[in-house]
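The sequence shown maps to residues 42 to 359 in our numbering. In this text, a Cβ means the ideal position worked out from N, Cα and C, and glycines have one as well. Only a predicted model underlies this, so the values are computations on that prediction, with no experimental measurement involved. Right, one structure below, let's go through it.
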Amino acid sequence: MKSPLYIVLLLTLIIIGCGNEDKVAQEVQNIPLELRVSRFDIKFADAIADDIPQLRKEYPYLFPAPDSVWVAKLQDSLQIELREEVKAEFIDFDKETADIELLFKYIKYYFPKYKVPRIITVTNDVDYKNRIILADSLLLIGLDNYLGSAHKYYGGLQNYIAQDMDRDFMVSNIASAFANKVVSGPKERTFLAQIIYFGKILFLKDKLMPFHTDAQKITYSEDQLLWAQANEEPMWRYFIENELLYSTDNKLSQRFLDPAPFSKFGLELDNESPGQLGRYLGWQIVRSFMNKNDISLQQLLNLSAEEIFKESNYKPNK
């Protein structure tokens, strides 16, 4: 049984933490930011062949092919249907705009020198692997990848791929694209280094998108997140008992880190589990470390996986 002193200290830390979060949220709201969103998808959907030269002039980086290719796209029946589906789903982009603006305010709070890119919404033939392209000055969002997981265009995709093809995951995908630019890849080939790498990315998303759920951050359904939380202790025990943390077996990435319909423990529970559970555990380790260490986000990103793991004193929830 926990002592009264322990409980008082724990409650004090929680109250202080909540106060700090409220202070950050207020400071973030006060950051001046002018978000530029260009709805190229609508302009192209409403265009005729004679409009192509002007569109090319406005968006030269979107027209790598000759005009004849774009005229053919304008007239193709499948392309017309795709553009109309996107137009109907995203006729109102206000909520997404507000959430993206808030995301970039948090980015500016933690990374003051970052220059917010111009945002351009497009269709990209449901190229879900490139649904978000973040360059130095541009952010391209392929809206045809966010029509809802049950949309007819995604019928040929496996469920685990279509699952996050929903507008609710758009901000999370943008945050991931940014995180991939500021979080250095693992310096070692160990499984531990890899899960801590993904843990850093997810913890960064904790900071950049506190207005979204944990499920959205890791692109799980709520049920998948609940499964991971309920099975955190047996998963961790499996990794320890099988001495996986310092293994350099490449197959571990396929089993526990890569997008997949489920994680591969080789046990009966596999089919019930979500994929990428190694990322989830890395996230909990980094969270445990940050709960015990008062350091900046930038300092965290510079630490080695070994330092984070040893100083986290991670104990899974039972």
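Whole angstroms are fine: how far does the CA of E282 sit from the CA of I141?
42 Å
Under the three-state reduction of DSSP, which class applies to T162: helix, strand or coil?
strand
Inter-residue spacing [alpha-carbon to alpha-carbon] between D311 and H192:
27 Å
How about T164 and V127: are their beta carbons less than 8 Å apart?
yes
I237 and V327 - do their beta-carbons sit closer together than 8 Å?
yes
Give me the Cα-Cα distance between D209 and Q257, rounded to the nearest whole angstrom.
7 Å
Exposed or buried, which one is T162 when buried takes at least 16 other CB atoms within 10 Å?
buried
Let me know the secondary structure DSSP gives I174 once reduced to three states.
strand
Enclosing beta strand (DSSP E) for L35 [first to last residue]
Here the chain comprises residues numbered 42 to 359, so residue 35 is not present and cannot be evaluated.
Helix or strand or just coil, what does DSSP make of E348?
helix
Taking the alpha-carbon positions, what's the F145 to E309 distance?
42 Å
By DSSP, does V35 sit in helix, in strand, or in coil?
Residue 35 cannot be examined here, being either before or after the span of the chain that is shown, 42 to 359.
DSSP state of S314 mapped onto helix, strand, coil
coil
Tell whether a beta-carbon distance below 8 Å holds between F81 and I148.
no
From the DSSP output, in three-state form, read off L54 for me.
Interpretation of L54 is limited by its pLDDT of 45, a score under 50 that renders its predicted location unreliable; the figure taken from the coordinates is listed afterwards. It is helical.
Measuring alpha carbon to alpha carbon, tell me which residue in Y155, D117 and D247 is nearest N332.
D247
Continuous alpha helix (DSSP H) stretch holding Q199: start and end
No alpha helix (DSSP H) contains Q199, which DSSP labels as neither H nor E.
Bridge partners for V78 per DSSP, in chain order?
I160
How many angstroms separate the CA atom of R77 from the CA atom of G183?
16 Å
Same chain only: Cβ atoms within 7 Å of I349, ignoring 5 sequence neighbours per side
I237, I326, V327 and F330
For my contact list, N186 and Y169 are in at a C-beta cut-off of 8 Å; report their separation, rounded to the angstrom.
5 Å
Mapping the DSSP letters down to three states, classify L308 as helix, strand or coil.
coil
Excluding the 5 residues flanking N272 on each side, which residues of the same chain have their C-beta closer than 6 Å to its C-beta?
none
With C-beta atoms as the reference, is S125 less than 8 Å away from L188?
The sequence as given places Glu at residue 125; Ser does not occur at that position. Contact: no.
I55 to N354 span [Cα, whole Å]:
Unreliable placement is indicated for I55, whose pLDDT of 46 sits below 50; the coordinate value is still reported in the next sentence. I55 and N354: Cα-Cα distance of roughly 19 Å.
Please check the pair S304 and L318, which I expect to be a contact at CB under 8 Å, by giving their CB distance rounded to whole angstroms.
4 Å
How big is the Cα-Cα spacing for D117 and F232?
47 Å
Would you kindly check if the distance between the Cβ of P158 and the Cβ of S190 is under 8 Å?
no
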